[in-house]
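Just add 80 to wherever you are in the sequence shown, counting from 1, and you've got our numbering. Below is one structure, written out as structure tokens; comments come after it.
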Amino acid sequence: MTIGLFIFVFSWTAFLIPVEIAGGGVSGLASVIQYATGIEVFYSYLLINIFLLGVGFLILGNGFGFKTIYCISVAALFFKFLPLIPWVTDIEDKLINSVIGGTMSGIGIGIIFLQGGSTGGTDIIALIISKYRETSPGRVFLFCDLIIIGSVIFIPGKSLSDVIYGYIEMVSFSYVIDMILTGNKQSVQIHIFSSKYKEIADRAITDLRRGVTAITSTGWYSQKESRVLIIVLRKNQVSDITALVKEIDKDAFMTVTPVMS
Numbered sequence: 081m082t083i084g085l086f087i088f089v090f091s092w093t094a095f096l097i098p099v100e101i102a103g104g105g106v107s108g109l110a111s112v113i114q115y116a117t118g119i120e121v122f123y124s125y126l127l128i129n130i131f132l133l134g135v136g137f138l139i140l141g142n143g144f145g146f147k148t149i150y151c152i153s154v155a156a157l158f159f160k161f162l163p164l165i166p167w168v169t170d171i172e173d174k175l176i177n178s179v180i181g182g183t184m185s186g187i188g189i190g191i192i193f194l195q196g197g198s199t200g201g202t203d204i205i206a207l208i209i210s211k212y213r214e215t216s217p218g219r220v221f222l223f224c225d226l227i228i229i230g231s232v233i234f235i236p237g238k239s240l241s242d243v244i245y246g247y248i249e250m251v252s253f254s255y256v257i258d259m260i261l262t263g264n265k266q267s268v269q270i271h272i273f274s275s276k277y278k279e280i281a282d283r284a285i286t287d288l289r290r291g292v293t294a295i296t297s298t299g300w301y302s303q304k305e306s307r308v309l310i311i312v313l314r315k316n317q318v319s320d321i322t323a324l325v326k327e328i329d330k331d332a333f334m335t336v337t338p339v340m341s
């Protein structure tokens with residue numbers, strides 16, 4: 081978690097903050113405050129998280145654990161001391177800095193999440209809102225990040241391009257963290273409806289070396305009993321199973337659904 085926190089904070093202190101690019105989450109909000117007032121990210125990041133932790137304890141109870149408090153504390157210390165490192169980006173293009181910063185942030189947070197840690201912040205807001213409303217945490221994160229990054233436009237001297245760079249950082253961050261958390265688990269579940277289910281199942285086992293589950297089914301229009309085949313395989317095998325099914329039964333019907341874990 082400490083390594084992940086270092087990478088996460090370094091992405092801010094070396095690539096995003098020096099060129100004044102905003103991002104999502106409490107770190108993004110703290111950076112916006114620094115751009116507007118000059119107050120260091122360390123102070124805003126720590127105070128906002130302490131406030132959110134306090135509200136979280138009152139509403140959600142004692143459910144945050146040591147890892148969340150540890151991550152917030154260490155990240156705050158990194159925000160204080162990493163700016164003392166003399167090296168910062170010498171790349172002038174804000175687009176490149178936003179992509180690099182978002183990518184490194186995603187790597188850092190991905191490592192933290194894989195270890196069961198959490199940096200608090202908007203995570204706490206999502207937990208509080210989901211307690212009272214049927215809203216997915218992902219929607220809360222997206223809404224918060226859009227508001228935080230969009231607020232940059234109200235800072236004197238900033239323009240719409242600065243907001244766009246912030247959104248690019250957000251997209252890079254989201255893509256990388258998804259790849260880290262689910263990249264090695266990206267699979268699909270395929271349902272195959274065909275009268276030639278036996279031939280398809282046999283070929284799937286022998287050619288693709290994938291397990292097949294056959295569920296008894298009844299076509300309600302025809303009132304004929306048949307089997308529905310269920311196969312879980314990697315995304316890159318979809319074209320293989322599609323070609324196999326078409327070869328055996330051109331009239332077969334298939335549905336493909338993404339699955340994780």
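For every residue, glycine included, the Cβ atom is placed at its ideal position computed from N, Cα and C.
query	result
Run through the DSSP bridge pairs and tell me what residue 338 is partnered with.	268
Between residue 158 and the rest of its own chain, which residues show a CB-CB distance below 7 Å, the 5 nearest in sequence each way excluded?	85, 86 and 89
Does the stretch 130-150 come close enough to the stretch 228-243 that 3 or more CB-CB pairs lie under 8 Å?	no
In the stretch 185-237, which residue ranges form an unbroken alpha helix (DSSP H) of at least 4 residues, counting only runs that do not cross its ends?	202-212 and 217-230
Spatial neighbours of residue 327 within its chain, please: C-beta separation below 7 Å, excluding the five flanking residues on both sides.	none
So, at 6 Å on beta carbons, what are the nonlocal neighbours of residue 171 in its own chain, with the 5 sequence-adjacent residues on each side left out?	177
Using a 10 Å radius around the Cβ and a threshold of 16 neighbouring Cβ atoms, would you call residue 181 buried or exposed?	buried
If you measure between the beta carbons of residue 100 and residue 242, is that distance less than 9 Å?	yes
Quick one: grab the DSSP three-state call for residue 180.	helix
Give me, in chain order, the residues of the same chain whose beta-carbon lies closer than 6 Å to that of residue 124; leave out the 5 immediate sequence neighbours on both sides.	110 and 113
Short check: CB of residue 257 to CB of residue 189, under 9 Å?	yes
Given a threshold of 16 other Cβ atoms within 10 Å of its Cβ, counted over all protein chains shown, does residue 292 qualify as buried or as exposed?	buried
Tell me, which residues are paired with residue 298 by DSSP?	305
DSSP beta-bridge partners for residue 290?	Note: residue 290 sits in no beta bridge, so no partner.
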